[in-house]
Amino acid sequence: MLRLAINPLPWTFGPTGPTLSESSLRVALAELAPTGFRALHTSVPEGIELASYTALLDEYGFRAAPGYVSGPFDQEELHDELVETVRAHARLIRELGLDVTFVAGGLDAERMMRPAIGEGSDPGRTRRIADGLARAAEAAAGEGVRLALHPHVSSIIETEEEIRAILDATTGSALGFGPDTGHLAWAGMVPAQIISDYRDRVIAMHVKDVSLSGMQQAIRYSDDYMTAAFVRGIWTEPGRGVVDFDAVFDALPEGFDGWCVVEVDVPNLPSRVESARASFQALTARYPFTEASA
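Numbering (our numbering), first residue to last: 69 to 362.
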């Protein structure tokens, strides 16, 4: 059955970039504890030993959920280095008792300025990305962890064409699919359709919604990624935007028991606690989550 977690990005990421630290994580855990969530996206603050990280989660009644690793997989000369980065991440994930994590391409400067339209798309680059991801997935599998391809607006894996090309090119490899409902919708896809088409590859999912008004404003004003996210409010809580979540959950593989990680990067509701609570309630009221708690 489905397992539910949350990414504490509203506590650990802001308009100027990452703010993850032991103190910000502790605040996140304390504020999230009453909302219902009991599993947290894995992101270990710099300078903290893994044992201290798990002890901190335990202190607030949380367990670890899949994390995230990314890199410039379009740069073939960096593939060896990226494979080792992924291998190390997979070992950490395995030490936490998990067997799945998300993998993404690095952010692209041009796409950060012109998001969700496939700026500079190039089939040759996409092939290099697929090759690098296939190698990384094999390395992770050697550590007992499967990688879930995570498309992301403004990254080098953004459009439907790129996603399909990479998944098709890596058929038969250890690379799975970890769609993000919000990023798919913003990039013009029907999330349920592409999830259905690759349901045999889906092993985990990020869950967020897209505000119709926020998206319309971002398009109207040709916003860059950060303006769309932090000014227009393009992200919103599940059930409050354009994504058909009934169709999304129907599209998942039969008997799917993977992780669904709520990731509302910038809350649309007045506070991050309200956002987390609303997300938890909207999802657990409608879908069969059996591991909403540790």
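By construction, the Cβ of each residue, glycine as well, lies at the ideal position given by its N, Cα and C atoms. Given the structure is predicted, the values throughout are model-derived calculations rather than measurements.
Does residue 81 come within less than 8 Å of chain C when only Cβ atoms are used?
Although the question refers to chain C, the structure presented lacks it and comprises just one protein chain.
Buried or exposed: residue 176, going by 16 or more other Cβ atoms within 10 Å of its Cβ?
Residue mapping note: residue 176 aligns to position 108 of the sequence shown, counting from 1. Buried, since its Cβ has 16 or more Cβ neighbours within 10 Å.
Are the CB atoms of residue 104 and residue 348 nearer to each other than 8 Å?
Against the sequence shown, residue 104 aligns to sequence position 36. Against the sequence shown, residue 348 aligns to sequence position 280. Note that the C-beta distance between residue 104 and residue 348 is below 8 Å.
Got a sec? Which residues, its chain only, sit under 6 Å from residue 120 by beta carbon, not counting five neighbours each side?
For the purposes of this step, residue 120 is taken as the residue at position 52 of the sequence shown. Excluding residues within five positions, none has a Cβ falling inside 6 Å.
Is the segment 279 to 287 close to the segment 339 to 354, with three or more CB pairs under 8 Å?
No, because fewer than three Cβ pairs between the segment 279 to 287 and the segment 339 to 354 fall closer than 8 Å, the two stretches do not touch.
Could you name each continuous alpha helix (DSSP H) segment of 4 residues or more that falls completely within the segment 123 to 176, going from the start of the chain to the end?
For secondary structure counted as the alpha helix (DSSP H) over 4 or more consecutive residues, the segment 123 to 176 holds these complete runs in sequence order: 147 to 163.
How should residue 318 be labelled, buried or exposed, when 16 other C-beta atoms within 10 angstroms of its C-beta is the threshold for buried?
Stepping through the sequence shown from its first residue, residue 318 is reached at position 250. Around the beta carbon of residue 318, fewer than 16 other beta carbons lie within 10 angstroms, which makes this residue exposed.
Since residue 109 is in the beta strand (DSSP E), which residue starts that stretch and which ends it?
Taking the sequence shown and counting its residues from 1, the one referred to as residue 109 is at position 41. Residue 109 -> beta strand (DSSP E) spans 107 to 109.
Consult DSSP for residue 317 and reduce its assignment to one of helix, strand or coil.
Your numbering for residue 317 matches position 249 in the sequence shown. The DSSP-derived three-state label of residue 317 is helix.
Exposed unless 16 or more other CB atoms sit within 10 angstroms - verdict on residue 268
Within the sequence shown, residue 268 is the residue found at index 200, counting from 1. Label assigned to residue 268: exposed.
Compute the Euclidean distance between the alpha carbons of residue 325 and residue 181, then round it to the nearest angstrom.
Here residue 325 is taken as the residue at index 257 of the sequence shown, counted from 1. Here residue 181 is taken as the residue at index 113 of the sequence shown, counted from 1. Looking at the backbone, the Cα of residue 325 and that of residue 181 are separated by about 37 Å.
Taking its Cβ as the centre, do 16 or more other Cβ atoms sit within 10 Å of residue 191, making it buried, or is it exposed?
Here residue 191 refers to the residue found at position 123 of the sequence shown. In the assembly as shown, residue 191 is an exposed residue. Its beta-carbon has fewer than 16 other beta-carbons within 10 Å.
Are the segment 241 to 257 and the segment 140 to 148 touching, with three or more C-beta to C-beta distances below 8 Å?
The segment 241 to 257 vs the segment 140 to 148: no contact.
What would DSSP say about residue 86, mapped onto helix, strand or coil?
For the purposes of this step, residue 86 is taken as the residue at position 18 of the sequence shown. Residue state, collapsed to three classes: strand.
What did DSSP end up calling residue 298 once you bin it into helix, strand or coil?
As a first step, residue 298 must be located in the sequence shown, where it is residue number 230. Shown here, residue 298 sits in a helix according to DSSP, grouped into three states.
Expressed to the nearest angstrom, what Euclidean distance is found between the alpha-carbon atoms of residue 362 and residue 107?
One-based indexing of the sequence shown puts residue 362 at position 294. One-based indexing of the sequence shown puts residue 107 at position 39. Below a pLDDT of 50, predicted positions are generally treated as unreliable, and residue 362, at 43, falls in that range; no measurement from the model is reported.
Rounded straight-line distance, which links the Cα of residue 165 to that of residue 124
Walking along the sequence shown from the start, residue 124 turns up at place 56. Walking along the sequence shown from the start, residue 165 turns up at place 97. CA-CA distance, residue 124 to residue 165, rounds to 16 Å.
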